[in-house]
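Going line by line, the protein sequences match chains A and B. Sequential numbering from 3 applies to the first sequence in my numbering. Sequential numbering from 698 applies to the second sequence in my numbering. Written below as structure tokens is the structure these notes are about.
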Amino acid sequence: MIQTKEQFDEDRRDALQEVVNIAMGQAGDSLAKLFGTFVELSIPKFHLCDVNELNQELSKNSTYAEKMTILRQPFSGQLRGEGIALFNNSGVNELAVLMGYEGEVTYSNEREMLLDVCSILVGACLNGVASQLGISLSYTAPTIITKDTTTEKFFKPESIQWRYAMIMEVCLTLEQYDFTSNMLLFLSEESFPPLMNKLDQMLDEL
Amino acid sequence: MDEKVSHLVNMAVSQINAGMVILDADHNIVLWNRFMQIHSGISEDDIKGKNLFDRFPDLKGSGIEKKIDSVFLLKNLAFTSWEYRPYLFKFANTHSVIGDEEWMQQDCTFSPMIDESGTVTHICLSVFDATNTATYQKKLLRASGSLMKQRNTLAEINKKLEEAQNQLLQSEKMAAVGQLAAGVAHEINNPVGYVNSNVSALEGYINELLQMLAAYEVCEPALDQNNALTEALEQAKKSIDLDYLKEDLIDLLKESKEGLDRVKKIVQDLKDFSHVDESEWQHADLHKGLDSTLNVVNNEIKYKAEVIKNYGEIPEIKCLSSQINQVFMNLLVNAAHAIEERGTITISTGTKDNGVWVEIEDTGSGISQEKLPRIFEPFYTTKPVGSGTGLGLSLSYNIIQKHKGIISVESEPNKGTRFYIWLPIDIEFDDNSNANVA
């Protein structure tokens, strides 16, 4: 952990932030085109944290104390990890219209739509990063893990496999539709060396 | 890619045991592999170049367009899962011999096909048969559903059993108390009987003795006034204070008889209350029941409350009077306990709808709105640990239910509580089994 923290020095952090900001800019454009409405993507925040500090770190964001529906989409390749999407269960009906579901929103429609949004968010965040770093990722179908729970109840240190991970936190807001989703991308520890290598290559090319 | 490999790739696309469809940017079908041909019955030649949504209009307006858009725009993967969308293409179930799904359950993935310039030119749609998984999953769900149902039924039965057991326990206890009371009453009755008859005889004798004494007193003036005997007589009269003794003797006898009457009444009340030999449905006067219960619980009430009786005119009703008395006792004792310093308990009766009603109202501390719905639950008590079993009202409720009556409660904190009971005059049973439950 200490070693990893040292490795993730200021230069590399700046480089990653730059890459991610560019990716988010592209993603925001694409999402706006897709939804046909103004989309706000927050500037991604990075946390490098030990599994035991996770809840403390997340508690800084008060929205995580609410009960939410939690979805997961794993990704693999040179970067491995999971995208965790958190929905606060509001604005679902409006979203259904944006996502092209006609008629009454059934339970199944709603579930599939949340899966769609999870997949879109994970892809939007990661594809831009992957293409800039010149790596290729593969995605597994997303699943709904739980509904109506808080992150604190969901992330139990004893049930998490990794000891520490890099977390990238992004928030998507469709202001006109009262819809918010938070995305937590967990990058596993074995992804650090390849990520650092790629960042170094980029820095060398500057 | 050399020709040989390219040929193999084509073979693989054709032979792979999953559906593969390639769409261009206008959603026109470019490739339709063997799996799709076999299951749809549509040849590739028939469908090539046709628009996906024209050929499969059911897909319109169900979010698929946006999924495809998202793949083009974000170079993303998009998915459908049989759990939320059983199928994308309506193919007959592969389990045609043994199986319960009518249509093939499908998991689908939309993947981007990106050219060298980084643009998504086509989409590859893969369709996987998930019928097996779906069947197992649904079976599991059904099994766990029926398990859950069974569990709930069991829990309900357990609860009923517990209630029945509590009631049995309580009624056994009450029966024991009743038997004890009846036994004690009987034991007291005997000595009280002969003391009573002796006192009556004693009264007669004393009256006769007093008459005798009066007769002697009439003779007194005839005695020699200076005689020593006369003086001794005067002395004796003075020393025993004969006049007071004569008066007090009458009073003492009268008080003793009153005391005996009271003992007799208590014994009668105990007998009435316990009704050991009356565990059958009989016509009974509720006023009598109320009065004898009041006498039995008098000790609990007399220091707390004044009892006001607003008795109306009521007919006798068919009931298990010992059990109805038990209800009255529970309500009266609760009313007394609810009163902190001193208050009143008002008992009113009357008739309504072919039945008789009894209201017992106190000026006690009342019951809060949150607690009110729970007071008839077994083991629910607001009294300190050890003071109440929490069974009294639940038992009362069950007794009134058994009589096909109504018991309800109104309460306001710090004002008081009013219990209302209504009982039919002539209870009718659906079957005979109920009538014997005592």
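The C-beta atom is built at its ideal place from N, Cα and C for all residues, glycine as well.
Item	Value
Buried/exposed call for B:N849, threshold 16 Cβ in 10 Å	exposed
Cβ shell of A:E68 (< 8 Å), same chain only, five flanking positions each side left out	N90 and T152
C-beta atoms of B:V1055 and B:I1118 nearer than 7 Å	yes
Any C-beta of chain A under 7 Å from that of B:K1101	no
Under the three-state DSSP convention, the category B:Q965 falls into	helix
Cross-strand partners of A:S92 (DSSP beta bridge)	For A:S92, which the question treats as bridged, DSSP gives no partner whatsoever.
Rounded separation between B:M733 and A:G83 - CA only	34 Å
Nearest-angstrom Cα separation, counted from B:E813 out to A:L139	17 Å
Alpha-carbon spacing of B:E1109 relative to B:K962, whole angstroms	37 Å
Contact check, B:D1059 vs B:I1072, beta carbons under 7 Å	no
Cβ of B:R782 within 7 Å of any chain A Cβ	yes
The region 52–60 of chain A / the region 131–147 of chain A touching (three or more Cβ pairs under 8 Å)	no
Cβ shell of A:P210 (< 7 Å), same chain only, five flanking positions each side left out	As shown, chain A starts at 3 and ends at 208. That puts residue 210 of chain A outside it, with no answer to give.
Within-7 Å CB hit, B:K763 to chain A	yes
Min CB distance B:D766 to chain A below 7 Å	yes
CA-to-CA distance, B:V960 to B:N855, given in whole angstroms	46 Å
Near-chain B residues of the region 192–208 of chain A (beta-carbon distance less than 7 Å), N- to C-terminal order	none
Sheet register partners of A:T71 (DSSP bridge)	A:F89
Cut-off 7 Å between Cβ atoms - residues of its own chain near B:K1049, not counting five sequence neighbours on either side	W1119
Meets three-Cβ-pair contact criterion under 8 Å: the region 975–993 of chain B and the region 1004–1013 of chain B	yes
Status (buried if at least 16 other CB within 10 Å, exposed otherwise) for A:L128	buried
As assigned by DSSP and simplified to three states, the class of B:D974	For B:D974, the predicted structure reports a pLDDT of 47, less than 50, and the residue's modelled location is therefore unreliable. The matter cannot be settled from this model.
Own chain, CB closer than 8 Å to B:Y784, minus 5 neighbours either side, in chain order	W800, M801, Q802 and Q803
Alpha-carbon spacing of A:L145 relative to B:A827, whole angstroms	In the sequence under discussion, the amino acid at residue 145 of chain A is Thr, which differs from the Leu named in the question. Straight-line Cα distance between these residues: approximately 16 Å.
A:R74 versus B:F776: straight-line alpha-carbon distance, rounded	13 Å
Length at least 3, wholly inside the region 1038–1067 of chain B: the beta strand (DSSP E) runs in chain order	1040–1049 and 1052–1059
B:H1034 - DSSP class collapsed to helix/strand/coil	helix
Proximity winner among B:S767, B:G760 and B:G842, relative to B:I820 (alpha-carbon distances)	B:S767
Distance CB(A:N184)-CB(A:L116) smaller than 7 Å	no
Which residues DSSP lists as bridging A:N184, in chain order	A:L88 and A:C173
Short-range partners of chain B found in the region 102–117 of chain A, where Cβ spacing is below 8 Å	G102, Y103, E104, G105, S110, N111, R113, E114, M115 and L117
Cβ neighbours of A:D13 in the same chain (closer than 7 Å, five flanking residues each side left out)	L205
Alpha carbon of B:E780 to alpha carbon of A:R113, nearest angstrom	9 Å
Minimum Cβ-Cβ distance from B:N748 to chain A less than 7 Å	no
Under 7 Å by beta carbon: chain E residues contacting A:Y141	Absent from the structure is chain E; the protein chains it does hold are A and B.
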